[in-house]
Amino acid sequence: MRALVVSDLHSNAAALRAVFKRVRRKSFQEIICLGDFVGYGAEPNQVLDAMRTVRPKKFYIRGNHDRVAAGLDDGRTFNAPAREAAFWTRDHLSGPNRKFVERLTVGPVDHGGVLLCHGSPYDEDEYVFTESHAAQILESFDSRLILYGHTHLPVIFSVATNGVVSGTLVRGEGKFHLDPDRRYLINPGSVGQPRDRNPDASCAIVDTQRMTVQFLRVPYDVKKTQETILRAGLPRILADRLALGT
Ligand SMILES: [Fe+2]
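First residue of the sequence shown? That's 219 in the numbering used here, and the numbers climb one at a time after it.
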């Protein structure tokens with residue numbers, strides 16, 4: 219499998235377009251999305267139309283914001299701006315896009331030996347930040363590679379045969395060679411709302427034959443996305459944070 223892996227697009231069409239443009243000359247057979255197509259941003263239909271019609275094979279799973287935007291959950295656990303944006307999204311989705319988010323596959327799902335989930339394999343809403351949490355997951359699930367999103371942070375956790383887990387927050391771009399004797403829990407970061415104080419869209423190209431993961435950071439027109447958020451009347455904080463990468 220050689221896949222472009224994206225997550226947490228969050229209705230940011232300019233960021234997604236920039237990612238697609240950046241990877242145009244790179245070869246991959248499929249696109250994997252780990253959820254949160256929508257929420258926070260003001261361009262849910264542009265993002266969903268692009269993701270539904272993009273050429274390569276697609277393998278997509280649902281995120282917690284997709285669940286609330288689809289009306290499958292009342293968003294009670296969300297903070298106020300997130301909830302407001304999810305409800306706004308619910309009101310603005312086109313018919314086909316609403317159906318698409320309603321029917322998204324719920325993780326965890328095994329995809330050719332790679333386990334895909336939004337939050338963690340235990341729970342769509344669970345955040346994986348720490349090595350001890352990663353250790354617990356890598357102990358419970360025996361996939362060689364687990365891909366997850368939700369935290370909006372590009373991260374590699376790995377476990378050696380002696381059970382010791384180490385984690386790295388990936389700063390900027392970088393290509394990593396995966397050790398066949400280790401198992402991995404990898405987050406490609408967020409396309410539409412990065413939170414590692416780098417506003418550039420984040421994604422990864424995962425190659426399970428060559429055992430490599432290439433993290434990419436892609437600048438995009440943040441101002442343009444901020445304007446769409448403010449024009450839609452969504453909370454200002456959702457626009458402001460994009461410039462800070464928080
Ligand atoms: Fe998210």
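Note that the Cβ used here is the ideal one computed from N, Cα and C, for glycine as well. Being a predicted model, the structure only gives us computed values, none of them experimental.
Whose C-alpha, out of Ser-350, Lys-275, Gln-411, is nearest the C-alpha of Gly-381? Nearest in C-alpha terms to Gly-381, of all of Ser-350, Lys-275, Gln-411, is Ser-350.
Cβ contact check for the stretch 285–302 and the stretch 240–252: 3 or more pairs under 8 Å: no
Could you check if Asp-254 belongs to the surroundings of ligand 1, using beta carbon to heavy atom distance under 7 Å? yes
Tell me Glu-163's beta-bridge partners as DSSP assigns them. In the structure as shown, the chain starts at 219 and stops at 464, and residue 163 therefore has no counterpart that could be examined.
Should His-310 be listed as close to ligand 1, given that the test is whether its C-beta is under 7 Å from any heavy atom? When distances are taken from the beta-carbon of His-310 to the heavy atoms of ligand 1, even the shortest one reaches 7 Å or more.
Proximal residues to Leu-460 (C-beta, below 7 Å), its chain only, five neighbours per side dropped: The beta carbon of Leu-460 lies closer than 7 Å to those of Gln-411, Pro-417, Val-440, Thr-443, Gln-444 in the same chain, with the five residues before and after it left out.
Beta-carbon contacts of Arg-449 that lie in its chain and below 6 Å, excluding the five residues immediately before and after: none
Gly-463 Cβ short of 7 Å to ligand 1 heavy atom set: no
State buried or exposed for Glu-357, treating a residue as buried only when at least 16 other CB atoms are found within 10 Å of its CB. exposed
Going by DSSP, what residue range makes up the alpha helix (DSSP H) through Val-440? 440–449 is the extent of the alpha helix (DSSP H) around Val-440.
Any heavy atom of ligand 1 within a distance shorter than 7 Å of the CB on Asp-291? no
Are there any heavy atoms of ligand 1 lying less than 7 Å away from the beta-carbon of Asp-267, as far as the coordinates show? no
Could you tell me whether the stretch 392–410 touches the stretch 227–246, where touching means 3 or more Cβ pairs closer than 8 Å? Contact between the stretch 392–410 and the stretch 227–246 is present: 3 or more CB-CB pairs across the two stretches fall below 8 Å.
Cβ-based neighbour list, Ala-378, same chain, cut-off 6 Å, excluding 5 preceding and 5 following: Arg-400
Note down, in chain order, each residue of its chain lying with its Cβ closer than 6 Å to the Cβ of Val-241, except the 5 sequence neighbours on either side. Leu-222
Since His-329 sits in a beta bridge, which residues does DSSP pair it with? Its beta-bridge partners are Val-332.
Any non-hydrogen atom of ligand 1 within 7 Å of Gly-281 CB: Gly-281: yes, Cβ under 7 Å from ligand 1.
Is any non-hydrogen atom of ligand 1 found closer than 7 Å to the C-beta of Asp-328, if you look at the structure I gave you? no
Per DSSP, Tyr-209 forms a beta bridge with which residues? Lying before the first or after the last residue shown, residue 209 is absent from the chain, which here runs from 219 to 464.
Heavy atom of ligand 1 less than 7 Å from the Cβ of Asp-226, yes or no? yes
For the alpha helix (DSSP H) containing Thr-307, name the first residue and the last one. That run of the alpha helix (DSSP H) goes 298–310.
With distances taken from CA atoms, which of Ile-279, Gly-281, Tyr-340, Arg-270 is nearest Ser-312? Measuring from the Cα of Ser-312, the nearest candidate turns out to be Arg-270.
Following a CB-centred definition, is His-351 positioned closer than 7 Å to any heavy atom of ligand 1? no
Tell whether a beta-carbon distance below 8 Å holds between Tyr-258 and Leu-462. no
Decide if the stretch 277–285 is in contact with the stretch 305–322; the criterion is three or more beta carbon pairs, one per stretch, under 8 Å apart. With a cut-off of 8 Å, the stretch 305–322 and the stretch 277–285 count as touching, because enough Cβ pairs lie within range.
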